[in-house]
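What follows is one structure encoded as structure tokens, with my remarks underneath.
4 protein chains.
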Amino acid sequence: MTSTGERVHAAALELFAERGFHGTGIRQLAEHAGLSSATLYHYMGTKEDLLVTLMRTSLERLVRAGEEIAGSTDDAPTRLADLVGMHVTSHAQRPLETRVVDDEVHALSPSRRQEVVALRDRYEALWQQVIDDGVGSGHFAVTSASIARRALLEMCSGVARWYDPAGRMGLGELAEEYSALALRLLGVVGDPATTPARRVAPDTPGPV
Amino acid sequence: MTSTGERVHAAALELFAERGFHGTGIRQLAEHAGLSSATLYHYMGTKEDLLVTLMRTSLERLVRAGEEIAGSTDDAPTRLADLVGMHVTSHAQRPLETRVVDDEVHALSPSRRQEVVALRDRYEALWQQVIDDGVGSGHFAVTSASIARRALLEMCSGVARWYDPAGRMGLGELAEEYSALALRLLGVVGDPATTPARRVAPDTPGPV
Amino acid sequence: MTSTGERVHAAALELFAERGFHGTGIRQLAEHAGLSSATLYHYMGTKEDLLVTLMRTSLERLVRAGEEIAGSTDDAPTRLADLVGMHVTSHAQRPLETRVVDDEVHALSPSRRQEVVALRDRYEALWQQVIDDGVGSGHFAVTSASIARRALLEMCSGVARWYDPAGRMGLGELAEEYSALALRLLGVVGDPATTPARRVAPDTPGPV
Amino acid sequence: MTSTGERVHAAALELFAERGFHGTGIRQLAEHAGLSSATLYHYMGTKEDLLVTLMRTSLERLVRAGEEIAGSTDDAPTRLADLVGMHVTSHAQRPLETRVVDDEVHALSPSRRQEVVALRDRYEALWQQVIDDGVGSGHFAVTSASIARRALLEMCSGVARWYDPAGRMGLGELAEEYSALALRLLGVVGDPATTPARRVAPDTPGPV
DNA sequence: AATGAATGAGACTTCATTCAT
DNA sequence: GATGAATGAAGTCTCATTCAT
Chain A
1 MTSTGERVHA AALELFAERG FHGTGIRQLA EHAGLSSATL YHYMGTKEDL
51 LVTLMRTSLE RLVRAGEEIA GSTDDAPTRL ADLVGMHVTS HAQRPLETRV
101 VDDEVHALSP SRRQEVVALR DRYEALWQQV IDDGVGSGHF AVTSASIARR
151 ALLEMCSGVA RWYDPAGRMG LGELAEEYSA LALRLLGVVG DPATTPARRV
201 APDTPGPV
Chain B
1 MTSTGERVHA AALELFAERG FHGTGIRQLA EHAGLSSATL YHYMGTKEDL
51 LVTLMRTSLE RLVRAGEEIA GSTDDAPTRL ADLVGMHVTS HAQRPLETRV
101 VDDEVHALSP SRRQEVVALR DRYEALWQQV IDDGVGSGHF AVTSASIARR
151 ALLEMCSGVA RWYDPAGRMG LGELAEEYSA LALRLLGVVG DPATTPARRV
201 APDTPGPV
Chain C
1 MTSTGERVHA AALELFAERG FHGTGIRQLA EHAGLSSATL YHYMGTKEDL
51 LVTLMRTSLE RLVRAGEEIA GSTDDAPTRL ADLVGMHVTS HAQRPLETRV
101 VDDEVHALSP SRRQEVVALR DRYEALWQQV IDDGVGSGHF AVTSASIARR
151 ALLEMCSGVA RWYDPAGRMG LGELAEEYSA LALRLLGVVG DPATTPARRV
201 APDTPGPV
Chain D
1 MTSTGERVHA AALELFAERG FHGTGIRQLA EHAGLSSATL YHYMGTKEDL
51 LVTLMRTSLE RLVRAGEEIA GSTDDAPTRL ADLVGMHVTS HAQRPLETRV
101 VDDEVHALSP SRRQEVVALR DRYEALWQQV IDDGVGSGHF AVTSASIARR
151 ALLEMCSGVA RWYDPAGRMG LGELAEEYSA LALRLLGVVG DPATTPARRV
201 APDTPGPV
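Residue numbers (full-length UniProt numbering), protein chains in the order written: chain A, 1 to 208; chain B, 1 to 208; chain C, 1 to 208; chain D, 1 to 208.
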């Protein structure tokens, strides 16, 4: 049911996430995918090409989801909570992908890195924009919006390092918890209108 | 003034941080330190030994500083702010060390990893303890203390990835900003005694 | 109009001549012929078979033409001039073929080499015979007939390396020039019957 | 007595000459030199670097010897005979070197090729000059000086393909024979003053 | 203290070739 | 006819490490 190409991607994801790009050999990759190392080259270009493909796939999905959220509402707290929820959820569901994207950029050659970083920047710009908007609208209170962006992204991405889908915490719970942390970090005080329930009353004026 | 051994450590720090452990060759290491690759082996055991040494040095300093703070006061918000300040400051001052510690654990063999992870766990336990204490004392309001710990640590460690000592933000400022973010994330509302007064509107109703 | 098989031969000729047998991959060959590498094997045996086919085709044509000339006259100078003219002309017209034949014998396995070298020897024997005849008849004056044969063949084959069909020198001119060089090299002085009159001062004393 | 580096060069010369550059593997090279393939890399850069070194060494020797001859006399026939003698002698004495230089230029990457071809062109220019001079002074009679140059060089280089130092023909004899062939090819008629004996009477006026 | 020389193992990648479809 | 998939062997080169000097 799964094609060979998909098996190659899956194997690469697992090994790159676990041992790093440089820590993973072509032969291990082949063995993990159930192929000979020569056959591997039917399904990829270079090893670096494979890494780039994985990264691009992952980042493009993230950007797409992010842009959808960005266009969904003008309300900054809502948008931010949604971004956090989406980000955390996808990091929890696809921890391998996101770890590879987050940790292996340094393994790319300059030209490839540029391409990948451009995508990542596009995604981060969405976050920057919500925060800027929230600060502008008076919903958020932070000294430095860019520090806040970095702090939020780091903290949310960390989920890929520990979340256990078989554990007792559900994805919804996780998303709500992180959204709450994020909003508080941004200086939003707990108000039924802005915490999870908020989405029900989109016309609520901003607090603080 | 700098001994050869120190030069080796410095070179390793730079290269491991920039290209990763597996991405750094013994020959590059030697060249970067101004030695022949054979001579390198006078100043280190294996390449992995070198990595462990760097990690242990860094982590021990962190643990020592953390334990000093942990023993300094019972007041959870103060302790947490101090931990954050120290953590952030040292990540800003020693970005190479901290990046190596944070990113290269996967490159260690199981037995070495155990040793390093034990140290890291000891450090993280200090954070866990403050948060638990703060929750117990009613200063902090979080759903999950362990999630909060992880979120805080990730967010604070990120500083090593972007802080520029030559930029316009000073270390003190940085520490204060992050302490404030952390306390807010933990649900602490503006209190002149624990957070910089400026940022907070003292008349805010304040939830929880 | 050109069959696929011919396209394969043409592609092989070009690539073998340009990059050598070992420098040419099956995949490049296929691409150059506009086929997949698997399809290539419908039109050839092994890569070495292909090389042998090209060589044999080329050498057989040469031998055939040479034998025709050899049987055409008893006059050694005429025969030699004709051989030179034919050799030079075919090297100018089919530089790829001749370069492959001349340069890639070393790439053949012993048994295949034997076969090809036998053909080449047969061709060279024709030259040897004319020279021997010319020496015997007193037309040629050389110390060593075999050295003369080698010198002549090398010199004439070189044409395949530089002759430009689009340049200003025509094939007829080329053939005449080389025939003249060859006859002079063999010690034949200008004789209106065998060499272009223009180049020779008919009153030259003329040695033997 | 022979250094390892020299052994590597000797092994490369033998194999490149016998099987061609692309036909020679690194492992065969190492085995032939009595080293492991990894050790080989102590004594060379890439395989191509090795080839270039061999070619440059050989060509530089040839250029040096050629320039010495070029500066030794103004008499074109003498100079040409000396060039031929030197060329033929060195091709007979160092057949491996010269074969590699003559046959493997196509294996070089563009930039390397440029460098090597420049040297070769410098050498060939010496030949072109003598022929031009001889034509100008009326000693040589050829329709095309550049064709003559090519013909002569091809014919003389061929020696590296068959001369057997253990055979009955001595080097001196070989040189004389080829000089005689060359002069005749250039239209110089046999005159004691220009054939081998000529060098004894350097003041002899030009013949023809 | 320092290093040139050496190496087995393994890196990534391509080789020529076969075969089922 | 034609080709995608597959592979063992081999390609060039670098790896971390040792050792005699």
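Backbone N, C-alpha and C define an ideal beta-carbon position, used for all residues, glycine too.
Contact set between the stretch 120 to 150 of chain A and chain B, restricted to residues whose Cβ is under 8 Å from the partner: Ala-141, Val-142, Thr-143, Ser-144, Ile-147, Ala-148, Arg-150
Under 7 Å between C-beta atoms of A:Val-135 and A:Ala-145: yes
Residue from B:Ser-179, B:Leu-62, B:Ser-3 with nearest C-alpha to B:Glu-116: The amino acid at residue 116 of chain B is misidentified as Glu; the sequence shows Val. Selected option, being the one with the closest Cα: B:Leu-62.
Within-7 Å CB hit, D:Glu-14 to chain C: no
Beta-carbon gap between residue 228 of chain C and C:Val-188 smaller than 7 Å: Because residue 228 of chain C is not part of the residues shown, which for chain C are 1 to 208, the question remains open.
Reference B:Ala-182, options B:Ile-147, B:Arg-168, B:Ser-109, closest by Cα: B:Ile-147
Amino acids of chain C, ordered along the chain, whose beta-carbon sits closer than 7 Å to that of D:Asp-164: Residues of chain C passing the Cβ test: none, with the nearest at roughly 12 Å.
Classification of A:Leu-83 by the beta-carbon crowding that lies within 10 angstroms, buried from 16 upward: buried
Alpha helix (DSSP H) segment containing D:Asp-133, residue limits: 110 to 136
For C:Glu-104, the first and last residue of its enclosing alpha helix (DSSP H): Per DSSP, C:Glu-104 belongs to no alpha helix (DSSP H) and is neither H nor E.
Beta-carbon proximity of C:Leu-29 to C:Leu-96, cut-off 7 Å: no
D:His-85 vs D:Ser-179 beta-carbon contact at 7 Å: The amino acid occupying residue 85 of chain D in the given sequence is Gly; His does not appear at that position. Yes, the Cβ-Cβ distance between D:Gly-85 and D:Ser-179 is below 7 Å.
Euclidean distance between Cα positions of D:Tyr-41 and D:Pro-165: 33 Å
Within-7 Å CB hit, D:Glu-97 to chain C: no
Status (buried if at least 16 other CB within 10 Å, exposed otherwise) for B:Ser-111: exposed
B:Tyr-43 versus B:Ser-157 - alpha carbon distance: 30 Å
Of the residues C:His-32, C:Leu-80, C:Arg-79, C:Val-8, the one placed nearest C:Gly-45, counting alpha carbons only: C:Val-8
Backbone secondary structure at B:Phe-16 - three-state DSSP: helix
Span of the alpha helix (DSSP H), counted from its first residue to its last, around B:Gly-66: 47 to 70
Proximity winner among D:Arg-56, D:Leu-153, D:Thr-73, relative to D:Val-100 (alpha-carbon distances): D:Arg-56
Limits of the alpha helix (DSSP H) - the one that A:Tyr-178 falls within: 171 to 185
Own chain residues within Cβ distance below 6 Å of residue 266 of chain D, not counting five before or after: No statement about residue 266 of chain D is possible, as the shown extent of chain D runs from 1 to 208 and does not include it.
Nearest-angstrom Cβ-Cβ length linking B:Met-155 and A:Met-155, presumed shorter than 8 Å: 4 Å
Minimum Cβ-Cβ distance from C:Glu-48 to chain D less than 7 Å: no
Chain-ordered chain B contacts of A:His-87 [CB-CB under 8 Å]: Per Cβ cutoff of 8 Å: no residues; A:His-87 is ~13 Å from chain B at best.
Exposure of D:Ala-201, with buried meaning 16 or more beta-carbon neighbours within 10 Å: Any reading at D:Ala-201 must be qualified, since the residue scores a pLDDT of 32, below 50, and its modelled position is unreliable; the value itself is stated next. That one is exposed.
CB contact below 7 Å: A:Met-55 versus chain B: no
D:His-106: contacting residues in chain C (beta-carbon distance under 8 Å): Glu-18, Arg-19, Gly-20, Gly-23
Nearest-angstrom Cα separation, counted from D:Ala-10 out to D:Thr-2: 10 Å
Status (buried if at least 16 other CB within 10 Å, exposed otherwise) for C:Pro-205: Confidence at C:Pro-205 is low in this model, with a pLDDT of 36, below 50, so the placement of that residue should be treated as unreliable; the coordinate-derived value is given next. When all chains shown are included, C:Pro-205 counts as exposed.
Residues from the stretch 155 to 182 of chain C in contact with chain D, defined by Cβ distance under 9 Å: Met-155, Cys-156, Ser-157, Gly-158, Val-159, Arg-161, Trp-162, Met-169, Glu-173, Leu-174, Glu-176, Glu-177, Tyr-178, Ala-180, Leu-181, Ala-182
C-alpha gap between C:Leu-108 and B:Lys-47, whole angstroms: 48 Å
Closest by C-alpha distance to C:Leu-119, when choosing among C:Val-52, C:Leu-80, C:Gly-172: C:Val-52
Contacting positions in the stretch 21 to 45 of chain A - beta carbon closer than 9 Å to chain B: Phe-21, His-22, Gly-23, Thr-24
Inter-residue spacing [alpha-carbon to alpha-carbon] between C:Phe-16 and D:Thr-39: 32 Å
Range of the contiguous alpha helix (DSSP H) that encloses A:Gly-155: Note on residue identity: the sequence assigns Met, not Gly, to residue 155 of chain A. Looking at the DSSP string, the run of the alpha helix (DSSP H) that includes A:Met-155 is 145 to 157.
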